[in-house]
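The opening residue of the sequence shown carries number 467 in my numbering; numbering runs sequentially from there. First up is the structure itself, then whatever we jot down about it.
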Amino acid sequence: MGDVITRFAPSPTGDLHVGGARTALFCWALARRCGGRFLLRIEDTDQARSTEGATRGILESLAWLGLDWDEGPELDLSKQTVWGTGALTDVTLGGDPRGVGPFFQARRLDRYNEAIEELIERDLAYPAFESPEELEAKRKAAQARKETYRYDRAALAIPRAERLARMRGGEPHVVRFRMPDEAIVVRDEVLGEVRVEADQLDDFVLRKRDGYPTYHMACVVDDEGMGVTHVLRGQEHLINTPRHVALQRALGYRTPVYAHLPIICNPDGSKMSKRDKDKTLKGHIRSLGAGADHLGAIAEAGGVSVEELEHWLGDKRAQLSPEALAKMAIDLGIVLPEINVRDFARSGYLPEVLCNYLALLGWNPGLKDEEGRDVERFGMDFLREHFSLERLGKKASRFDREKLLAFNGETLQRMPVDHFLSAWRRWLGVAIENRRFVHDFSLWRRLWEELKEDARGLALARAAQPRTKIFLDAIEHVRFALVDDDAVVFDEKAIRKVLHKGEPSGLEILRQVRDLIEGIDPFEPEAIEGAIRAWCEERGLKMGKAAQPLRVAITGTTVSPGLGETLALVGKKGVSARIDRCLLACDPGNNGGD
Ligand code: GLU
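So, in structure tokens, the structure goes:
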């Protein structure tokens, strides 16, 4: 199977969505499994919507995921700095070893025009001159009659010689394909035989009024010209495939193997889209109560006007740019549901974990582990070895965020601590560079400075790792160690429960252990924990009796990493200062609570 050539063919109109990433992953995996080639083609014939920024973003997302393409636009990773935790480094991806490029469709117009001319010549395609308004009116009339709109071939009523003369004379027109009047059967590796009746298919457009080819035309010409043998793409494209097959036959091309991948949706069955971000953000803004001042500040953070913001809040169809949404969310300190690969990278997911999870959306290896459970956790090498079209499923896959989060947490928590530290550093370096993506910037920079220092970095990593599921959250587990001693905020409930109750009370214990702290040397996790344990045992107290009041004094809350680690991170001086401050602030005798 050395001749397998797969391609991923994104339209550069936005960031790479997880659905696209899953398609790319399967194309990559099939090519690797078969010792074939994986190529990347940029479908930028929609001139109004394609951007260079989106192309770059897609290339970077694929590289971050570790999906190296053998042919396609070049990306020199040694010059990449922004996506620091990527799976690939220091290589140049892409290139054109077989001479089948260029890989941007906008640079291949000659090829499409040549094929279109050939079809016109053979009367398998024809120019049509209706204006968009006329076509729209016909569409509406069909709708009113409750019929599916199909182009009525009105242009064919014009004698052929006249049609061609008008086209050559420069009259605005589209070129349509003369769809054969026969049913088309698509053989699909996932869905089996899919038969589409002739009356479902009309004479679709091959070249638009602006002279650019449609997706159908360019895709068919390129799949042939680039020698693509296997087309894997989302099920939403199934409707296009009979057209592609008919066009391939007309042009005498091969028909590649098709596999249409199941749709990925939210757990409630809705489509996974940018709308989910809108929903979360709108819900949050509404829950704040919409005072005018408030909206003004939020709009300013997003770089939009208050009117635009109000319109967006009130109208389901109104859209704001992804950047505006992201900026507002950061300003409000909330995280929007991740949809694009970039979102997952920013939240601190690991690329190989995301690939592992994506692979399970529509595919499974069909293997059991020693305990008889389905094999679900695997890396890229496993996919290279085991991926196959036979095990693709038909059913829509539900994107289970909890499961992905659990996968990521498991992987992070199992890493050797020094690996965890270097991955955390790399990720944080990117976050700091893109400061606009960070809510509490000064705290993050402080963490960055501290992580850079080896011993301190390791201590922070040890404390954060056991509870970190994504890097975005890791800072929360060590926040107490980054704030100034006099900036700890004591949680009311914790004060009542841990400091005021009990005999002796937490406050009393704090007063007593304060001296003990002074004497602990070296002030390191094990020594600290040993000293406090011994102190508790001498008095017949459970460890928690001392640990919880100390946690509240040091962090403000009852939840923190191991006690020894928590205290060691703050240092002896800091611990004493925090205990003193807590005794002063939380003693009911001193006006009760802070
Ligand atoms: N440019 C199309 C898209 O992004 C590609 C579809 C295909 O793979 O044929 O959806």
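We put the beta carbon where it would ideally sit given N, CA and C, even for glycine. Note that the structure is a prediction, hence the values are computed from the model and not measured.
With residue i as the anchor, note down where its alpha helix (DSSP H) starts and where it stops.
i: residue 974; result: 972-985
i: residue 873; result: 867-880
i: residue 907; result: 907-918
i: residue 808; result: 807-813
i: residue 841; result: Note, residue 841: premise wrong, no alpha helix (DSSP H); not H, not E.
i: residue 711; result: 707-717
i: residue 937; result: 937-948
i: residue 724; result: Premise fails: residue 724 lies in the beta strand (DSSP E), 723-727, not in any alpha helix (DSSP H).
i: residue 577; result: 575-587
i: residue 1017; result: 1009-1021
i: residue 819; result: 817-825
i: residue 829; result: Counting along the chain, residue 829 falls outside any alpha helix (DSSP H), and DSSP gives it neither H nor E.
Taking all protein chains shown into account, decide if residue i is buried (16 or more other Cβ within 10 angstroms of its Cβ) or exposed.
i: residue 784; result: exposed
i: residue 718; result: exposed
i: residue 571; result: buried
i: residue 483; result: buried
i: residue 928; result: buried
i: residue 647; result: exposed
i: residue 899; result: exposed
i: residue 1056; result: exposed
i: residue 793; result: buried
i: residue 567; result: buried
i: residue 764; result: buried
i: residue 726; result: buried
i: residue 513; result: exposed
i: residue 516; result: buried
Between the Cα of residue i and the Cα atoms of the options, which residue gives the shortest distance?
i: residue 496; options: 481, 829, 608; result: 829
i: residue 721; options: 708, 728, 754, 855; result: 708
i: residue 1061; options: 937, 490, 702, 513; result: Residue coverage of the chain in this structure runs from 467 to 1060, which leaves residue 1061 outside it and unanswerable.
i: residue 594; options: 640, 699, 502; result: 640
i: residue 693; options: 469, 912, 529; result: 469
i: residue 586; options: 643, 565, 556, 636; result: 643
i: residue 798; options: 760, 976, 834; result: 760
i: residue 432; options: 681, 529, 516, 946; result: Past the edges of the chain, shown from 467 to 1060, lies residue 432, and the structure says nothing about it.
i: residue 883; options: 895, 911, 930; result: 930
i: residue 659; options: 777, 649, 511, 715; result: 649
i: residue 909; options: 938, 926, 948; result: 948
i: residue 919; options: 887, 620, 904; result: 887
i: residue 578; options: 509, 678, 510, 494; result: 678
i: residue 779; options: 754, 614, 963; result: 754
Taking DSSP as the reference, what is the three-state secondary structure of residue i?
i: residue 474; result: strand
i: residue 800; result: coil
i: residue 539; result: strand
i: residue 1041; result: helix
i: residue 597; result: coil
i: residue 624; result: coil
i: residue 739; result: coil
i: residue 614; result: coil
i: residue 1059; result: At residue 1059 the pLDDT is 43, less than 50, meaning the model places this residue with poor confidence and gives no usable figure here.
i: residue 500; result: coil
i: residue 696; result: strand
i: residue 890; result: helix
i: residue 570; result: strand
i: residue 592; result: strand
i: residue 858; result: strand
i: residue 467; result: Only weak support is given to the placement of residue 467: the predicted model assigns it a pLDDT of 48, under 50, and the question is left unresolved by the model.
i: residue 560; result: strand
i: residue 483; result: strand
i: residue 748; result: helix
i: residue 640; result: strand
With a threshold of 7 Å (Cβ to nearest heavy atom), would residue i be considered close to ligand 3?
i: residue 790; result: No copy of ligand 3 appears in this structure; the ligands present are ligand 1.
Taking the continuous beta strand (DSSP E) assigned at residue i, which residues delimit it?
i: residue 506; result: 503-506
i: residue 532; result: It is not in any beta strand (DSSP E) - residue 532 carries neither H nor E in the DSSP assignment.
i: residue 650; result: 650-654
i: residue 659; result: 658-662
i: residue 673; result: 671-673
Is the stretch 818-827 close to the stretch 873-881, with three or more CB pairs under 8 Å?
-> yes
Contact between the stretch 835-844 and the stretch 806-817: three or more CB pairs below 8 Å?
-> no
Would you be able to state if there are at least three C-beta pairs under 8 Å between the stretch 617-634 and the stretch 650-660?
-> no
Counting Cβ pairs, one atom from each stretch, are 3 or more of them under 8 Å apart for the stretch 1013-1028 and the stretch 952-963?
-> yes
Three or more C-beta pairs closer than 8 Å, one from the stretch 551-567 and one from the stretch 660-675: is that the case here?
-> no
Determine, using beta-carbon pairs with one atom in the stretch 1036-1055 and one in the stretch 995-1010, whether at least three such pairs fall under 8 Å.
-> no
Do the stretch 765-775 and the stretch 729-740 make contact, defined as three or more Cβ pairs closer than 8 Å?
-> no
Answer yes if the stretch 577-591 comes into contact with the stretch 603-616, meaning at least three C-beta pairs across the two stretches below 8 Å, and no otherwise.
-> no
Counting Cβ pairs, one atom from each stretch, are 3 or more of them under 8 Å apart for the stretch 739-756 and the stretch 772-792?
-> yes
Tell me, please, whether the stretch 680-696 touches the stretch 614-624 by the rule of three or more beta-carbon pairs shorter than 8 Å.
-> no
Segment contact flag, the stretch 852-862 with the stretch 522-538, C-beta cutoff 8 Å, min 3 pairs = no
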